[in-house]
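J.: Next up is a structure, given as structure tokens.
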Amino acid sequence: MKIVVCVKQVPDTINVRINEKTGTMEREGVPTMVNPYDLYAVEEALRVKEQHGGEVMVLSMGPPQVQDALREVISMGVDDARLLCDREFAGADTLATSYTLARGFARIGEYDLIYCGKPAIDGDTAQVGPELAEHLNLPFIGFVRKIREVRPGFICAERMTDDGGEVVESSLPAVVSVVKEINEPRLPSLRGKMKAKSFEAVTWSAADLEVDRERIGLKGSPTWVVRSFTPEPRGGGEILAGGDSAEIASKLAEKIRELGVCS
Ligand SMILES: Cc1cc2nc3c(=O)[nH]c(=O)nc-3n(C[C@H](O)[C@H](O)[C@H](O)COP(=O)(O)OP(=O)(O)OC[C@H]3O[C@@H](n4cnc5c(N)ncnc54)[C@H](O)[C@@H]3O)c2cc1C
């Protein structure tokens, strides 16, 4: 089976800078890491390959430094990777990102299963997986915490819901996004590290993907950041102590009355 995992490189810092003019994130010169959720997706893909044979490929969209992230997953045992890299892709919102990734899949051609992380820890929208499925006209299973069975043409997965869980069956190819409960990602192997040292992913530009230029990058993004800011820290609050729970409840009620929230 050919399993393709979408992997995003994210900032390894909480000190993210936003370009005030464009409202976009400044990614240059910022320490980076592989989106942690994507490591669970990679692990799951490697397990499918161990069971059924085949190939695990990773697909990413981002600047040239994403090659570092790709080397990291190669060291875990991933066979190959493709990087969608072009200045025209910069500033993409989730719709432009998922469209560009979908064009990458069109270029890849044949695949049996696509894994994504549920969210990327920077954008944190969890939209790219389902949007990608929509672009590719494929079934989507989100919030997957366990793969019960996977074989050519078929997958059965357990997904998390607000009330507990659901067991879902689907034909393949499909897009599956995973949560961190699904597995424990493996550490890089010595063989993988050796391969990663000299690995350089094939890069595809906008021209290589034959994209609609109106649907990529900042220009092709129907949503944009109007303003971003760090919320003011809240005051320390007050801890009501002393007495039993009835007395504390009565003190609390008094405080609420003082605030004039209710009588
Ligand atoms: C309104 C809005 C405007 C934005 N504008 C900008 C901007 O101008 N500049 C900017 O840099 N960012 C911008 N972003 C963030 C940008 O949209 C996201 O980085 C990107 O679209 C992915 O969304 P996400 O991080 O929420 O991913 P999620 O949907 O949370 O990611 C889910 C999964 O999708 C896959 N995935 C996501 N992104 C990629 C990728 N690039 N390559 C491979 N796989 C991927 C991964 O498997 C990931 O685990 C914006 C976001 C929003 C909501």
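Note that the working numbering has the sequence shown beginning at 1086, numbered continuously upward.
All residues carry an ideal CB built from backbone N, CA and C; glycine is no exception.
Here the structure is a predicted model, which is why all the values come from computation and not from measurement.
(1) For ligand 1, any of its heavy atoms closer than 6 Å to the Cβ of residue 1265?
(2) Considering only heavy atoms of ligand 1, does any lie closer than 6 Å to the CB of residue 1202?
(3) Could you pull out every residue in the same chain whose Cβ sits closer than 6 Å to the Cβ of residue 1287, ignoring the five residues on either side in sequence?
(4) Excluding the 5 residues preceding and the 5 following residue 1290 in the sequence, name in chain order all residues of the same chain whose CB lies nearer than 6 Å to its CB.
(5) What residue does the beta strand (DSSP E) around residue 1193 start on, and which one ends it?
(6) In angstroms with no decimal places, state the Cα-to-Cα distance between residue 1258 and residue 1196.
(7) In terms of DSSP beta bridges, what is residue 1242 paired with?
(8) Let me make sure I understand the geometry here. Which of 1318, 1129, 1114 and 1279 has the alpha-carbon closest to that of residue 1091?
(9) Kindly confirm or deny that the stretch 1112-1119 and the stretch 1150-1166 touch, where touching means at least three C-beta pairs closer than 8 Å.
(10) If you follow the beta strand (DSSP E) that residue 1403 is in, where does it begin and where does it stop?
(11) Classify residue 1262 as helix, strand or coil using the three-state DSSP reduction.
(12) In the structure shown, what three-state DSSP assignment does residue 1284 receive?
(13) Taking contact to mean 3 or more Cβ pairs, one atom from each stretch, closer than 8 Å, check whether the stretch 1174-1192 and the stretch 1204-1223 are in contact.
(14) Tell whether a beta-carbon distance below 7 Å holds between residue 1185 and residue 1301.
(15) State the DSSP-derived secondary structure class of residue 1248, mapped to helix, strand or coil.
(16) Between residue 1098 and the rest of its own chain, which residues show a CB-CB distance below 8 Å, the 5 nearest in sequence each way excluded?
(17) Determine the direct distance from the alpha carbon of residue 1243 to that of residue 1260, and round the result to whole angstroms.
(18) From 1127, 1148, 1222 and 1169, pick the residue whose C-alpha is nearest to that of residue 1140; which is it?
T.: The answer reads as follows:
(1) no
(2) yes
(3) 1167
(4) 1171
(5) From DSSP, residue 1193 is part of no beta strand (DSSP E) but of the alpha helix (DSSP H) over 1179-1193.
(6) 7 Å
(7) 1232 and 1253
(8) 1129
(9) yes
(10) Nothing in the structure corresponds to residue 1403, since the chain is present only between 1086 and 1348.
(11) strand
(12) coil
(13) yes
(14) yes
(15) coil
(16) 1115 and 1116
(17) 14 Å
(18) 1127
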